[in-house]
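S.K.: If you scroll down you'll find the structure; I have some questions about it.
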Amino acid sequence: MFLAAMTIQAQDKPATPHDSIVFAATTHDYGTIVQASDGSCVFAFTNKGKAPIVLNDVKASCGCTVPEWTRTPVAPGEKGSIKVTYNTNNIGAFTKSITVNSNAVNSPLVLIIKGTVTAKQ
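Convert by adding 2 to the 1-based position in the sequence shown; the result is the number in this note's numbering.
Okay, here's the thing in structure tokens:
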């Protein structure tokens, strides 16, 4: 009976995520940039765990920000990246978030881009 109860408890436990993903930086500050300039930046990360990390989904807080990311599993100790492109045709200050969902224990993670776009002269 005791063994049966332990078996049931073990089966009820949810699958655990693998390990951790560590970003070199989680915020990118563009500072002041000119309208229609390149709004791209790259967030580099390292798999600090013992199992491959897979980025399941990367979502921006609005349509003005487009993420592209490493789609293949990132082995332990290896690096991956997320390229974020902000539409710099929108004038004014901005702060946008990018939510990173993965099989890592510290998922989800939120990356931030911010800056101010000024009009072309």
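C-beta: ideal position from N, C-alpha, C; glycine also. Computed from a prediction, not measured in an experiment: that's the story for all the values here.
Give the single residue among Thr29, Lys50, Ile93, Tyr32 whose Cα lies nearest to the Cα of Gly82.
M.R.: Taking only the C-alpha atoms, the option nearest Gly82 is Lys50.
S.K.: Between which two residues does the beta strand (DSSP E) containing Ile114 stretch?
M.R.: Looking at the DSSP string, the run of the beta strand (DSSP E) that includes Ile114 is 111–120.
S.K.: Measuring CB to CB, does Thr28 end up less than 8 Å from Leu113?
M.R.: Yes, the Cβ-Cβ distance between Thr28 and Leu113 is below 8 Å.
S.K.: Are there three or more Cβ pairs, one per stretch, closer than 8 Å when the segment 32–45 is compared with the segment 86–106?
M.R.: Counting Cβ pairs under 8 Å, three or more are found: they touch.
S.K.: So is Val60 buried or exposed if we call it buried at 16+ other beta carbons inside 10 Å?
M.R.: Classification of Val60: buried, given that the 10 Å Cβ count is 16 or more.
S.K.: I need the DSSP call for Ser99, collapsed to helix, strand or coil.
M.R.: Ser99: strand per DSSP, three-state reduction.
S.K.: Return the CA-CA distance between Ala95 and Ile115, expressed in angstroms with no decimal places.
M.R.: In a straight line, the C-alpha of Ala95 is about 11 Å away from that of Ile115.
S.K.: Leaving out five residues before and five after Thr118 in sequence, what residues of the same chain have Cβ atoms less than 6 Å from its Cβ?
M.R.: So the qualifying residues of the chain are Thr34, Ala95.
S.K.: Around the C-beta of Thr97, are 16 or more other C-beta atoms found within 10 angstroms, so that it is buried, or is it exposed?
M.R.: So Thr97 ends up on the exposed side.
S.K.: When the Cα atoms are used, what is the spatial distance from Ile23 to Ile93?
M.R.: Going from the Cα of Ile23 to the Cα of Ile93 covers about 34 Å.
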